[in-house]
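Mapping to UniProt numbering: the sequence shown position 30 is 30, numbers consecutive. Cβ coordinates follow ideal geometry from the N, Cα and C atoms, glycine included. Owing to the predicted nature of the structure, the values given are computational and were not obtained by experimental measurement. Worksheet: one structure, shown below.
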Amino acid sequence: MEINWSTQQLSLPIAAPVAVALAQEEEADHSPLASIPEQYHIYAKVFGKEEFNKLPAHCYYNIGIELMEDSLLKSPLYSMMDAKSVTPKEWLEAKLKTRKLGPANC
């Protein structure tokens, strides 16, 4: 705690949270496979960002949902207030933009 008597101000030092302090101390892992048994190294690319952003190919066992023309739902699929619906809408827009969601090509 510091007191500046001339300006009559009191300042309290705020320590960084432990998680932040640890993150600042850590360096990037230059050998991420070092702690993984060698027989599993062949699966490493599955967990990489490039594979994460790929969609699997559509297969014959993809199940379609048949919708009836001109039919109405009895209620909204999921009702929520506008303030709460922002996050799901942003997520949905991001998935549509990256084409992770869209019409099936079966």
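Residue range of the unbroken beta strand (DSSP E) whose run includes Glu2: Glu2 to Asn4
Where does Leu77 fall in DSSP's three states? coil
Kindly indicate which three-state DSSP category residue 181 falls into: helix, strand or coil? With the chain covering 1 to 106 only, the question about residue 181 has no answer from this structure.
Alpha-carbon spacing of Trp5 relative to Pro13, whole angstroms: 17 Å
Whose C-beta lies closer than 8 Å to the C-beta of Glu51 among residues of the same chain, with five residues either side of it excluded? Lys45
Between the Cα of Gly48 and the Cα atoms of Thr87, Leu72 and Leu33, which residue gives the shortest distance? Leu33
Per DSSP, what kind of secondary structure is Leu96 in: helix, strand or coil? helix
Would you mind working out which of Asn53, Leu10 and Glu38 sits nearest Lys100, comparing C-alpha positions? Asn53
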